[in-house]
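Colleague:
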Amino acid sequence: RWLRQHEYVEKLNMHGILSASAGQEQLLTELLVTHAKIPVLIGELISVEIWKHKIFPVLCRLEDFKPRSTFPIYVVLHHEASIINLLETVFFFKEICESAEDSILDLIDYCHRKLTLLAARSTKAQAVTSAELRAEHLASPSSMQADPVPPQELQKQAEMMEFEISLKALSVLRFITDQVDSLPLGALTRMLNTHNLPCLLVELVEHCPWSCWEAGKLKKFENGTWHVVPPEDQVKMTKLDGQVWLALLNLLLSPECQRKYRFDGFNKSQLLKLRAFLTDVLIDQLPNLVEMQRFLSYLAVTEPAPPKKDLILEQVPVIWDHILKKNSGKWEAIAKHQVKHAFSPTEEELKLQARRWAQTYSLDMMEALAPDKPRCRVCGVEAAKRCSRCRNEWYCTRACQIQHWQKHKPACNLMA
Numbered sequence: 001r002w003l004r005q006h007e008y009v010e011k012l013n014m015h016g017i018l019s020a021s022a023g024q025e026q027l028l029t030e031l032l033v034t035h036a037k038i039p040v041l042i043g044e045l046i047s048v049e050i051w052k053h054k055i056f057p058v059l060c061r062l063e064d065f066k067p068r069s070t071f072p073i074y075v076v077l078h079h080e081a082s083i084i085n086l087l088e089t090v091f092f093f094k095e096i097c098e099s100a101e102d103s104i105l106d107l108i109d110y111c112h113r114k115l116t117l118l119a120a121r122s123t124k125a126q127a128v129t130s131a132e133l134r135a136e137h138l139a140s141p142s143s144m145q146a147d148p149v150p151p152q153e154l155q156k157q158a159e160m161m162e163f164e165i166s167l168k169a170l171s172v173l174r175f176i177t178d179q180v181d182s183l184p185l186g187a188l189t190r191m192l193n194t195h196n197l198p199c200l201l202v203e204l205v206e207h208c209p210w211s212c213w214e215a216g217k218l219k220k221f222e223n224g225t226w227h228v229v230p231p232e233d234q235v236k237m238t239k240l241d242g243q244v245w246l247a248l249l250n251l252l253l254s255p256e257c258q259r260k261y262r263f264d265g266f267n268k269s270q271l272l273k274l275r276a277f278l279t280d281v282l283i284d285q286l287p288n289l290v291e292m293q294r295f296l297s298y299l300a301v302t303e304p305a306p307p308k309k310d311l312i313l314e315q316v317p318v319i320w321d322h323i324l325k326k327n328s329g330k331w332e333a334i335a336k337h338q339v340k341h342a343f344s345p346t347e348e349e350l351k352l353q354a355r356r357w358a359q360t361y362s363l364d365m366m367e368a369l370a371p372d373k374p375r376c377r378v379c380g381v382e383a384a385k386r387c388s389r390c391r392n393e394w395y396c397t398r399a400c401q402i403q404h405w406q407k408h409k410p411a412c413n414l415m416a
């Protein structure tokens, strides 16, 4: 049943990406709003996040857990990425944000956890490098073979995936800040005072975890891969840079936000760090930042009035706490149950799952989504040929296909 649900989410995600690229995502957003599916997706997102924190480490520690294939576990890990990618695609629309209702508080908390992880990576110089995110290191349907990826290797892959998920969460948060006027009462207070998101965003501007220096060259992470930035483009604003600045504009320049935010000594000193980054080159690329520059100049010479203390009953998120309380002390038992009933399929069940995954990850659809041409599984150069049986693996020459056949044969037999 869960695998069927993952298939639906994955197909929605693919459909959303293709619709967005064609400017036709209105139908998808209307369906999600009409059937009240946004709160469901947010609940599923947080459930998988908790699974990764509580169940997955237990699975990796079990000495007697030696699955025939680790791809079913990878599917669960990938489920979070699929949902957050779908939410990033549709949260651009105001009606989607409004349809989340009170679950938007849970999504704000989720985004805060991911951005905190990003900031921690950058301040500790642990930014994910291009070498760590190479596709050939990740699980794929071809990992359903005689020598599956060890659970410990999957744990490392999950940490790598977390980087991209966190970047998606940044985009979702920026879209939420676009709708500050239509959010529930507690949402703004939670973003500004409970989590102090403006200061967290300043950390991201300061340390920029999606860029790094490698072998004397500047690399930036865009569209799922690291790119070497030529010297003439090093001051160019990336999409991720823009998301951070737009979120800051929304949170700091809105009159309602200024009324609620605490401009105390620490917050003021953190925000004033932004002035060093507001160069003429940056403002030319995003002219709205002129307003930010004026606001910071005003903030530097004045003492803003303390926030007005309204007597209100604050809304709090419930999904995360509900799941933790319901399953407290049961994590190991749940892990062992899943090992027995979900992650140790028989040969027949594995074949059936392989066929369903092959249908879900439609090759024609994947090719339409892929920004780059397919690469040879063996040597990594551009490939024009692929396995005629399963149509899953690509090769540049017949020689590479023959060389890879012994490794590919078990997976090919499953999916063909």
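Take the sequence shown: its position 175, counted from the start at 1, is 175 in the UniProt record's numbering, and no numbers get skipped.
In this text, a Cβ means the ideal position worked out from N, Cα and C, and glycines have one as well.
Keep in mind that this is a model prediction, so the values were computed, not measured.
(1) Write down every uninterrupted run of the beta strand (DSSP E) in the region 198–278 whose length is 3 residues or greater and which is fully enclosed by it, in chain order.
(2) If you draw a straight line from the alpha carbon of K351 to that of W357, how long is it in whole angstroms?
(3) Tell me whether L185, by its Cβ, gets closer than 7 Å to a heavy atom of the ligand MG.
(4) What span of residues does the alpha helix (DSSP H) with G186 cover, start to end?
(5) I need the DSSP call for E393, collapsed to helix, strand or coil.
(6) According to DSSP, is R68 part of a helix, a strand, or is it coil?
(7) Which one of F65, A100, H6 has the shortest CA to CA distance from V33?
(8) Taking the alpha helix (DSSP H) that F295 falls in, what are its first and last residues?
(9) E25 by DSSP, collapsed to three states: which one?
(10) Exposed or buried, what is W2 when buried is set at 16 or more other beta-carbons lying within 10 Å of its beta-carbon?
(11) Could you please give me the residues that DSSP links to K407 through a beta bridge?
(12) My assumption, with CB atoms under 8 Å, is that L87 sits in contact with V9. Please give the rounded CB distance.
(13) Along the alpha helix (DSSP H) that carries H341, what are the first and last residues, could you check?
(14) Any idea what DSSP makes of K351, helix, strand or coil?
(15) By the three-class DSSP mapping on this structure, what secondary structure does R1 have?
(16) Looking at the unbroken alpha helix (DSSP H) that takes in H53, where does it start and where does it end?
(17) Buried or exposed for D233, going by 16 or more other Cβ atoms inside 10 Å?
(18) How big is the Cα-Cα spacing for H341 and L296?
(19) Exposed or buried, Y395, counting other C-beta atoms within 10 Å across all chains shown (16 or more means buried)?
(20) With three or more C-beta pairs closer than 8 Å as the rule, is the region 97–112 touching the region 171–191?
(21) Under three-state DSSP, which class holds R121?
(22) Suppose the cutoff is 6 Å on Cβ atoms and the five residues either side in sequence are ignored; what does the same chain contact list for I42 look like?
(23) I'd like the span of the alpha helix (DSSP H) that includes N327, first residue to last.
Modeller: Looking at the coordinates:
(1) 211–214, 217–222, 225–228
(2) 10 Å
(3) Ligands displayed in this structure: none; no statement on the ligand MG is therefore possible.
(4) 185–189
(5) coil
(6) coil
(7) A100
(8) 289–301
(9) coil
(10) exposed
(11) Its beta-bridge partners do not exist; DSSP assigns none.
(12) Their Cβ separation, rounded to whole angstroms, is 11 Å, which puts L87 and V9 out of contact at 8 Å.
(13) 331–341
(14) helix
(15) coil
(16) 38–54
(17) exposed
(18) 57 Å
(19) buried
(20) yes
(21) helix
(22) S103, D106, L107
(23) 319–327
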